[in-house]
Structures are given as C-alpha cells and as structure tokens.
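In order, the protein sequence lines correspond to chains A and B.
All residue numbers in the first sequence are consecutive under numbering that gives the first Met the number 0, ending with 152.
All residue numbers in the second sequence are consecutive under numbering that gives the first Met the number 0, ending with 139.
Each residue gets a CB set at the ideal place from its N, CA and C atoms; glycine is no exception.
All figures in this text were calculated on a predicted structure; none of them were measured in a lab.
See below for the structure under consideration.
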Amino acid sequence: MSLVAFLWDTTLNVSISIIELSMVIIPLMIIMQIMKDNLWLDRLTTILQPIGKRMGIRKAGLFPLLVGILFGISYGSGVILQSVESEEMNDKDKVLVAVFLVLCHAIVEDTMIFAAVGANGVILVMTRILFAFFLTCVTSRQFSQTRRKAYEN
Amino acid sequence: MESIKKGFWLGIRTTGMLARVIVPVYFLVALLSRYGGLEELARFFEPLMRIFHLPGEAALVLVLGNVVNLYAAIGAISAISLTGGQLTIIAIMLGFSHSLFVESAVVSRVGVPVRITLPLRLGMMVLAGWLAGILLGGVA
C-alpha cells in the first residue's frame, strides 16, 4: 500500500470510529441531562438506600455515589466534592464511597463505548458492580472492627 | 426541550474531546503497525499478556488507557484486531483501572489517599483480568 493510500485509509477508518462513538455518546448525554434536570437522581437515591445500608454507607453518601456511578469521577467531581465538603458525610462514608467509585464509575458511558467496539457490555457492567460492592462491604467491615478494637482498648 | 438541547451540545463537545484523543492515537498505532514497530512491541509483551489470554499488542491498549484515558485505549483498540472475548477482558481490566493521573487527583481531594486507591485499582485490574482471561480467553 502506498503512503497516500495508507493515510487515506487510516483517516477514513478513524472517522468511522468517531462517528460510531458519537452515535452512542450524543443520545447518552441527552438522557443524562434529562435525568439531571428532572431530579430523577433524588428518587434513585431513595431506591438505593437498602443497598447503601448493606455497604455501610449512610444516606448522605448515596447522592455523590450515584452521581459518580452514572456520570463518572471527572464529570461528577463537582457534585462529589461539594457533598464531601458539606460535612454531612463522616470519614467512613467518604472512604466507602471512594472505594466503590474508583472501581465502578461512569458505568453508562464506559460500558457503551466498549460495547460500541465489540466488548460484552453486560459482563463488563456486572463485573464492575459486583466487585465494587464486594470490596466496599469488606472495607466497611474492616472499619467496624477497627472501631470496636479502639473501643475495647 | 431545554434538557435535550443541552444534552445534545454536551454530546457534541464530548465527541470533539474524544476525537482529539482518538485521532492521534489511531494514527500512531496504524503507523507503528505499518513500519513493524507494533510487531516488535507485541513480541516483547507477549509473555506478560499471556497471563490474561491477550495478544502482545494489548499491552499498548492497557498502558494508554491507564496513563491517558479510555478514549486513547479505544483509539488503539480500533487500530488493532481483537476477538470479542479479548475485547471483553480488556474492557474489564480497564474498567477497574484507567485515567489514573486525573482520577487519582480527584479522589485524593475527597480525602482518600492515593496509596490506598492506586493499589486497589491496579490489583483489581490484574486479578479480574486473570479471571476473565480464564473464562473468556477462548471466546471468539
């Protein structure tokens, strides 16, 4: 293949990839914006409460958790930092939310861009949620034990 | 209506941001593969990538995803050929660990130190990648 043909080919292929991704990202951003503007997040937070309890995260931690799970750490950082600074969250909430979120965030966007190139989105999203849930539970238990020990001493 | 308009422009902006990352990475990988550099790189990383049932080229994808971001990884993925199973393994690994510089900075501002989150993410990447490799390595 000549260099010109190669460059043309590459340009064409990369343009197709970007158009394909935009087909995923633009509708996704519209749906997320609608969710944000209609306060669906507040309602979802209430639904999340029993699961949060399992992981040892109190209500104050659930809103930043949900924002991070849906929108991601970078996009959601404003809301996440705001919640943290409001001082309604204690240290345990902060650590647990951080542990969950570093392992599992922006699940909609990440899953869709990987699915767009051919990965199995269901396996991807289930693996991330389950491992993050499990490790957050383990961390939570660790917290209670340290506290109990401190109390006994 | 206002939400749809705002979301649409946000989508366009995100696509633009992603294009700025994907285009150079895609060209870089295509050039590497044209002039043989990719083959050499792949041969070098093959023993390591075998842990995850991945071809040697996948090392490039993993490094780009962790150091730059997922869009850079997608750019590299589009430029090399992988099976569905391999793509899912990479997606799981990068799902746990990516954009480490930017995201670690944000998380450390929450008050959880990087010395906890970084090993957690890298450890999960390796563990989940190894498990996924066993389960999905042969999937076409």
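- At a C-beta separation below 7 Å, ILE21/B has these neighbours in chain A: VAL13, SER16 and ILE17.
- Between the stretch 36-50 of chain B and the stretch 89-104 of chain B there are fewer than three C-beta pairs closer than 8 Å, too few to call the two in contact.
- Not a single CB atom of chain A sits nearer than 9 Å to the CB of MET48/B.
- Secondary structure of ILE79/B (DSSP, three-state): coil.
- Within chain B, the residues GLY10 have their CB atoms less than 8 Å from the CB of LEU27/A, given in chain order.
- Of the candidates TYR34/B, ALA18/B, SER103/B and VAL24/B, VAL24/B places its Cα closest to the Cα of LEU59/B.
- In the displayed model, ILE56/A falls within coil according to three-state DSSP, outside both helix and strand.
- Within a 10 Å sphere around the beta-carbon of ARG127/A sit 16 or more other beta-carbons, which makes this residue buried.
- Pairing LEU86/B with VAL62/B, the inter-Cα distance amounts to about 15 Å.
- Taking C-beta atoms under 8 Å as the contact rule, ALA75/B and VAL28/B qualify, at a distance of about 5 Å.
- Put simply, the stretch 96-105 of chain A touches the stretch 47-66 of chain A. At least three CB pairs are less than 8 Å apart.
- Legend: CB atoms of the stretch 92-103 of chain B lying less than 9 Å from CB atoms of chain A belong to residues LEU93, GLY94, PHE95, SER96, HIS97, SER98, VAL101, GLU102 and SER103.
- Residues of chain A with a Cβ closer than 8 Å to the Cβ of LEU119/B are, in chain order, VAL98, VAL101, LEU102 and LEU134.
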